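Residue numbers (our numbering): 344 to 408.
Even glycine gets a Cβ: it sits at the ideal position worked out from N, Cα and C.
All values reported here derive from a predicted model rather than from experimental measurement.
Input: a single structure, listed below in structure tokens.
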């Protein structure tokens, strides 16, 4: 049984490797989505990041398959 902090906020931006871990998929899948124009890379504090809202919307709509 895992203990989750229900008050913890989700991050707004995550790195590509972190996103792959969060959604139990591979980095190349996110690379394909970026190249297809379905996701946008953002520069946040000098790092390439992905917006969590966009990732969630893609996975919920099934467009990330």
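Within 8 Å, strictly: CB atoms of residue 382 and residue 370: no
Distance CB(residue 373)-CB(residue 388) smaller than 8 Å: no
DSSP-derived helix/strand/coil call for residue 386: strand
Coil, strand or helix - residue 404 by DSSP: helix
CB of residue 362 within 8 Å of CB of residue 398, strictly: yes
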